[in-house]
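Residues 279 to 608 in this note's numbering are what the sequence shown spells out, letter by letter.
Just so it is clear, CB atoms sit at the ideal spot from N, CA and C, and this is done for glycine as well.
Notes for the one structure printed next.
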Amino acid sequence: MAELHDHGCAVLVAGGAGFLGMHLCRELLGQGHHVLCLDSFISGSRENVAALASHPRFELIEHDVIDPLPRDIRPDAIYNLACPASPPRYQRDPVHTLRTCVQGAWNLLERAEQCGAPMLQASTSEVYGDAQVHPQHERYHGNVNPVGPRSCYDEGKRCAETLCSDFARQRGTVVKIARIFNTYGPGMTAEDGRVVSNFICQALARRPLSVYGDGSQTRSLCYVGDMIDGLLRLMHSSGSFRGPVNLGNTEELSVLEIARRICALASDYGPHHIEFMPLPADDPTSRRPDTTLARRHLQWRPRVSFQDGLERTFRYFEHRLTATKSCLPS
């Protein structure tokens, strides 16, 4: 098996045209790897990887991971980021979301085993559900509704973790499991459906900021550059350490505080007000990772403060608004 720090490794990024995927593809190319970006474009975007298309070590493969992989894909390492992560997108076709989580992981694990390639599984903080333990540590088994509107994603990711763990135990496949907490940054789309992009686009469009519930529910938001660093460190970690490991920011803010900070950044666009909406079913009331394992095994911690990252993200959307004359879809 090729060492991942060697130049010239072929790295498969499933879901490489998504938000996290495109940032990962760029970083891997910068490290000298050959990148095989596989995406169905159900939620990923060709625009995200358009700037990489002419790179001599980048290959774009249009394929849905629920189908068997093409035989000629023989990677040295695999990152499985293939699944929409925002509620509006994964709830649009919940059956396909579940199949992506489970069948997709199965197909990639089979290829990892055949090629002797390590695989990193992008799991999620959603495996903890509406957590009754705070902050959430990896030993906590979660509080997930298996029949709710979010369960296609929550339970799909939990099942994918089971598959990864059993491949490791039964077949000796090297699998790393990252439980990714809320991530934001440049490259998010207006249609993403998550709190930061929603609020910024509403503010730039001079619309009320939609806060669900009373806004007291909390989120811990990690800047995308820090998250990519964590994923790379996990893949490069000792083979005996497979996780699951929490990756996220421990700085916890209420949804209402996030809305107020974005209103302050958007003050040039006029006064803003907040509109309170009914809380969606199974929306978690608190979310904050215990990152002890990541600090101990990966020597990783987020470095970009939320305010700094929020300003970068706001400027990204502001630039897109100027370029396209629109932010939120009509």
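Exposed or buried, which one is residue i when buried takes at least 16 other CB atoms within 10 Å?
i    : result
G394 : exposed
D586 : exposed
V642 : Missing from the structure shown is residue 642; the chain here goes from 279 to 608 and no further.
Q399 : buried
A468 : buried
G308 : exposed
F584 : buried
D354 : buried
A542 : exposed
Q495 : buried
F519 : exposed
S608 : Here the model assigns S608 a pLDDT of 41, short of 50, so the residue's position is not dependable and the matter cannot be decided.
Using a Cβ-Cβ cut-off of 7 angstroms (strictly less than) and excluding sequence neighbours within five positions of residue i, which residues of its own chain qualify?
i    : result
V473 : R497, V533, I536
R324 : A295
T563 : D408, Q495
L376 : C430, G434
H333 : L307
G322 : G293, A295, G296, G299
P558 : Y490
Which class does residue i belong to by DSSP, given the choice of helix, strand or coil?
i    : result
E529 : coil
T375 : helix
N326 : helix
I344 : coil
Q577 : coil
E281 : Unreliable positioning characterises E281 in this predicted model, as indicated by a pLDDT of 47, which lies under 50. A coordinate reading is not provided.
S321 : coil
S608 : For S608, the predicted structure reports a pLDDT of 41, less than 50, and the residue's modelled location is therefore unreliable. The matter cannot be settled from this model.
R566 : coil
C303 : helix
L398 : strand
V313 : strand
Between which residues of its own chain and residue i is the CB-CB distance below 6 angstroms, once the five residues before and five after are set aside?
i    : result
G382 : V343, I344, A360
H268 : A question about residue 268 goes unanswered here, because the residues of the chain that appear run from 279 up to 608.
A390 : I356, M397, T451
S545 : none
Y594 : P464
Please confirm if residue i has its CB atom under 8 angstroms from at least one CB of chain B.
i    : result
D568 : Given the protein chain composition of this structure (a single chain), no chain B is represented.
Rounded to whole angstroms, how far is the Cβ of residue i from the Cβ of residue j, which I believe are closer than 8 angstroms?
i    : j    : result
Y547 : A481 : 6 angstroms
T402 : K435 : 5 angstroms
E388 : V489 : Wrong, their Cβ atoms sit about 44 angstroms apart, outside the cutoff.
V327 : G293 : Going by Cβ atoms, the distance from V327 to G293 rounds to 11 angstroms, so no, they are not a contact pair.
R581 : R573 : So it is not a contact: roughly 13 angstroms between Cβ atoms.
R335 : H312 : 5 angstroms
P365 : R428 : 6 angstroms
G610 : R590 : Past the edges of the chain, shown from 279 to 608, lies residue 610, and the structure says nothing about it.
V425 : D432 : Wrong, their Cβ atoms sit about 11 angstroms apart, outside the cutoff.
N358 : L386 : 5 angstroms
C437 : V380 : 5 angstroms
Grab me the residues of residue i's own chain with a C-beta within less than 8 angstroms of its C-beta, minus the 5 sequence neighbours each way, in chain order.
i    : result
R484 : Y547, G548, H550
L525 : A456, R457, I458, F459, C500, M505, G508, L509, L512, P567, T569, A572, W578
E337 : H312, V313, L314, C315
I339 : L314, C315, L316, D317, P348, I351
L576 : G508, R511, L512, S515, V523
Can you find a heavy atom of the ligand MN that lies under 7 angstroms from the Cβ of residue i?
i    : result
F336 : Because no ligand of any kind appears in the structure shown, any question about the ligand MN cannot be addressed here.
Problem set entry | alpha helix (DSSP H) segments (min. 4 residues) lying fully within the segment 403-458 | Fully enclosed alpha helix (DSSP H) runs of 4 or longer: 429-449.
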